[in-house]
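Just so we're aligned, residue 25 is where the first sequence starts under my numbering, counting upward by one.
Positions of the beta carbon are idealized from the N, C-alpha and C atoms, including for glycine.
Take a look at the structure below.
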Amino acid sequence: MANNYYERVFEVTASIPFGRVSTYGAIADYLTLGSARMVGWALNKSFSTKTGVPAHRVVNRKGELSGRGHFPSPTMMQELLEQEGVIIDNNKVRDFDALLWNPSKELA
DNA sequence: TAGTTGACGACGG
DNA sequence: TCCGTCGCCAACT
């Protein structure tokens with residue numbers, strides 16, 4: 025079990041199934057962080073502290089790829105998701121409600 | 001040590 | 001239903 029809150033975010037993020045997506049709020053709620061912004065912080069640090077964290081599977085509550093600007097390439101996030109079969113429409117996840125993976129519901 | 005920032009979310013107008 | 005504002009908490013400068 026990770027000690028730092030962001031390492032827990034890494035674990036939850038890594039638990040997101042292939043081809044599915046999750047939200048900052050869902051992860052924050054599962055880890056009882058109190059703020060979804062903490063998840064964004066953790067994923068941001070994931071680039072410098074850890075590799076292999078599928079941060080592209082985490083989007084905001086509306087299904088928008090709000091984190092794409094923090095990837096090496098703005099289109100990288102979309103391309104990674106499309107490789108997993110997730111359809112991106114106008115920077116939003118299509119069928120977002122169906123693809124949404126809720127950790128507090130799936131892991132609990 | 002204190003102020004500002006940040007990949008968000010909920011609520012009110 | 002859509003837009004704007006406030007709150008959240010840790011890290012960085």
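Exercise. Leaving out the 5 sequence neighbours to the left and right, which residues in its chain are closer than 7 angstroms to Ser-90 when beta-carbon positions are compared?
Worked result: Val-83, Asn-84
Exercise. Thinking C-alpha only, which one of Arg-61, Pro-127, Ser-46 is nearest Phe-120?
Worked result: Ser-46
Problem set entry | Where Ser-70 falls, given that 16 or more other Cβ within 10 Å makes a residue buried | buried
For this session: Ignoring anything shorter than 3 residues or poking outside the region 93-117, list the beta strand (DSSP E) runs there in chain order.
Result: none
For this session: Alpha carbon to alpha carbon, how far is Arg-118 from Ser-97? Give it in angstroms, no decimals.
Result: 21 angstroms
For this session: State the Cα-Cα distance for the pair Tyr-29 and Asp-53, rounded to the nearest angstrom.
Result: 12 angstroms
For this session: Give every residue of the same chain whose Cβ lies closer than 6 angstroms to the Cβ of Asn-126, excluding the five residues on either side of it in the sequence, and list them in chain order.
Result: Ala-50
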